[in-house]
Amino acid sequence: MISYSGLGNRMLSISSAFLYALLTNRVLLIDRGTDMIDLFCEPFTAEKSWFLPLDFPLNQINKFDDKSPESYGLMLKTNTINYTIDNASSLPPFIYLHLNHDYGENDKLFFCDQDQLLLQKVPWLVLRSDNYFVPSLFLMDSFEEELSRLFPEKDTVFHHLGRYLFHPTNKVWGLITRYYKAYLANAEERIGIQIRVFDTRPGPFQYILDQILACSTKENLVPQVSNQEPISTTTNKTSKAVLMTSLSAGYFEKIRDMYWENPTHSGETISVYQPSHEGYQQTEKQNHNMKALAEIYLLSLTDVLITSSWSTFGYVAQGLGGLKPWILYKPENEVAPDPPCRQAVSMEPCFHAPPFYDCKAKRGTDTGALVPHVVHCEDMSWGLKVV
Ligand code: GDP
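Residue 90 is where the sequence shown starts when you use my numbering, and the numbers rise one by one after that.
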């Protein structure tokens with residue numbers, strides 16, 4: 090399995106591939122990339138590794154794409170493979186499955202039962218993805234029974250898979266625990282705010298700050314500030330800690346200053362923290378990803394979580410924490426949307442690139458309207474999530 094893109098995308102696609110391997114009785118081996126060893130411990134018992142051995146004979150797998158002759162979608166398109174083959178010896182020893190966000194119609198046939206019957210006979214599958222494709226597995230007859238046995242509560246899939254697979258290394262655990270003890274442990278309530286801005290211009294943007302404040306005050310997630318003279322109280326009012334994560338420091342500075350310069354209506358003390366502000370995504374830098382993982386994990390330890398639309402970073406935090414976050418709607422035309430946010434219906438991540446195909450009828454269909462437990466996402470109208 091080759092996962093790629095940012096850390097959140099990679100954690101989600103590895104979890105999906107692991108579930109697919111469980112459902113199809115396969116062993117999962119993952120490409121170690123540049124930093125997997127620094128980020129995660131081996132999840133399985135000692136002496137066994139989930140990494141593809143460095144001397145694995147198929148050493149070109151990183152080069153496979155949808156145009157490679159080994160690609161399943163291309164084989165279907167060119168009729169190199171077809172459903173009438175029932176003799177396993179006529180099938181190739183390995184097939185490449187292109188499940189990237191930009192995959193094509195033929196690649197998407199992976200999610201059809203008929204195709205799974207064929208793939209079942211192929212000894213090795215090389216899968217590449219950056220997506221959480223679990224919701225579409227829930228729409229397939231082949232996996233229905235096993236999935237209902239594995240997950241009696243359907244909306245806990247990533248919660249369980251993520252906590253089973255992803256154990257931070259000691260170095261990352263140090264980042265998590267030192268931060269938690271220093272800034273969060275003593276608060277009576279912890280509020281996480283994950284800010285991911287998909288705007289390439291340098292921020293911070295006022296409309297995003299307005300949206301964060303509108304969401305958190307409207308939904309009573311953080312105390313409102315007052316412009317009255319502060320009343321000094323002798324009682325120890327509840328202290329709340331706000332943990333912010335963002336690539337930029339701007340939003341954090343503004344919110345921290347707001348709680349310093351003004352008292353709250355309730356008299357509560359609010360402390361505001363942000364572990365890092367890395368500026369921009371630096372996926373290949375080791376230390377950067379360690380911090381990203383530590384921050385995802387710290388967000389998962391909060392009591393109330395606000396996340397940004399479309400962000401797999403936020404999905405992993407909510408899933409690990411078992412939290413239904415308040416999702417900030419994606420702003421359009423640089424204005425804070427109204428309403429600014431809504432609470433997620435489940436803690437499950439969203440599949441951003443699902444197929445819209447009815448395999449039996451062989452025509453397009455709304456896959457978000459077939460069963461009650463797979464619906465469209467709150468933050469992406471064409472996405473699918475398990476509820
Ligand atoms: P997505 O792009 O929001 O879906 O999340 P990904 O995790 O897949 O990719 C974003 C990448 O940008 C992360 O893996 C980090 O490398 C970086 N990044 C984004 N937001 C933050 C943040 O709040 N803190 C840190 N440390 N890194 C971030």
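Cβ coordinates follow ideal geometry from the N, Cα and C atoms, glycine included.
Considering just the uninterrupted stretch of the beta strand (DSSP E) at Trp213, what are its terminal residues?
213–218
Measure the alpha-carbon distance for Met379 versus Thr372 and round it to whole angstroms.
10 Å
Rounded straight-line distance, which links the Cα of Asn114 to that of Leu226:
15 Å
Residue span of the alpha helix (DSSP H) that contains Ala276, given as start and end:
Note, Ala276: premise wrong, no alpha helix (DSSP H); not H, not E.
Looking only at its own chain, which residues have a Cβ that is under 6 Å from the Cβ of Thr327, when we skip the five neighbours before and after it?
Glu277, Glu357
Excluding the five sequence neighbours on either side, which residues of its own chain have a C-beta within less than 6 Å of the C-beta of Val404, listed in chain order?
The amino acid at residue 404 is misidentified as Val; the sequence shows Tyr. Only Pro438 meet the Cβ criterion.
Determine the contact status of Ser92 and Ile126, defining contact as a CB-CB distance below 8 Å.
no
Could you tell me which residues DSSP pairs with His465 in its beta bridges?
Leu473
I'd like to confirm something about Phe402: is its beta-carbon nearer than 7 Å to some heavy atom of the ligand GDP, or not?
yes
From this set, Val211, Arg121, Thr454, Ile282, which residue's C-alpha is nearest Glu159's C-alpha?
Val211
So within the region 178–263, which uninterrupted alpha helix (DSSP H) runs reach at least 4 residues, ignoring any that extend past its ends?
202–208, 223–226, 230–239, 246–254
Beta-ladder partner(s) of Cys430, from DSSP
Leu417
How many whole angstroms separate the CB atoms of His354 and Pro312, which I take to be in contact at a CB cut-off of 8 Å?
6 Å
Cβ of Lys380 versus every heavy atom of the ligand GDP: is any distance shorter than 7 Å?
yes
Identify, in the order they occur along the chain, each residue of the same chain with its Cβ nearer than 8 Å to the Cβ of Leu459, setting aside the five sequence neighbours on each side.
Leu228
For Ile301 versus Ile280, is the C-beta distance shorter than 8 Å?
no
Helix, strand or coil for Lys137, going by three-state DSSP, please let me know.
coil
So, do the region 262–276 and the region 104–114 have three or more beta carbon pairs nearer to each other than 8 Å?
no
Check the C-beta distance from Phe199 over to Leu186 and give it rounded, since I have them as a contact under 8 Å.
6 Å
With a Cβ-Cβ cutoff of 8 Å, do Ser102 and Asp219 count as a contact?
yes
Residue from Leu254, His462, Phe107, Ser104 whose Cα sits closest to the Cα of Cys130
Leu254
What are the boundary residues of the alpha helix (DSSP H) that includes Ile344?
339–350
Flag Thr372 as yes when its Cβ comes closer than 7 Å to any non-hydrogen atom of the ligand GDP, and as no otherwise.
yes
Can you tell me where the beta strand (DSSP E) holding Tyr362 begins and where it ends?
358–362
Using the rule of at least 16 other Cβ atoms within 10 Å of the residue's Cβ for burial, across every protein chain shown, is Ile416 buried or exposed?
buried
With a 10 Å radius around its C-beta and 16 neighbouring C-beta atoms as the bar for buried, classify Ile344 as buried or exposed.
buried
Met100 versus Pro142, Arg217, Asp144, Pro181, residue with shortest Cα-Cα distance
Arg217
Which residue comes first and which comes last in the alpha helix (DSSP H) that contains Lys380?
375–389
Measuring straight from C-alpha to C-alpha, what distance separates Phe153 and Val331?
44 Å
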